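Shown next, in structure tokens, is the structure this report addresses.
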Amino acid sequence: MTDAVGSIDMPDAQDQKPRKGGKRAKKGPLKRLALFYRQIIAELRKVVWPTRNQLTSYTIAVIIFVVVMIGLITLIDYGLSNAAKYVFG
779 MTDAVGSIDM PDAQDQKPRK GGKRAKKGPL KRLALFYRQI IAELRKVVWP
829 TRNQLTSYTI AVIIFVVVMI GLITLIDYGL SNAAKYVFG
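Heads up, the sequence shown is in our numbering, so the first residue is 779 and it goes up one at a time.
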């Protein structure tokens, strides 16, 4: 009996030893918090930030999309409202 995770019938499932805390248990809460913030800053340095022109064009595209979707939802709502009034009086 196997699945995506593995099987209890397979011998490698029994060879695993449970971890006792690992590296995280040896550090205090302030050191873990400092490590967390250092990792956040390291990840933010990897981000490719958009230029002003890209940001402007993306913003305009989003605003146009939202306006179109608002119009579409309004038309559907108006049509269903009139249909419900017609059917139910």
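Think of the CB as a built atom: it goes at the ideal place given N, C-alpha and C, for glycine as much as any other residue.
Because the structure is a prediction, the values reported are computed rather than measured.
Going by C-alpha to C-alpha distance, which of the options sits closest to residue i?
i	options	result
K824	R830, N831 and R816	R816
What are the start and end residues of the alpha helix (DSSP H) that includes residue i?
i	result
P828	Neither: P828 is in no alpha helix (DSSP H) and is coded neither H nor E.
Answer with yes or no whether the minimum CB distance from residue i to chain D is below 7 Å.
i	result
A812	Checking the listed chains, one finds no chain D in this structure; it contains a single protein chain.
ask   = Can you list, in chain order, the stretches of the alpha helix (DSSP H) that have 4 or more residues and sit fully within the stretch 843-867?
value = none
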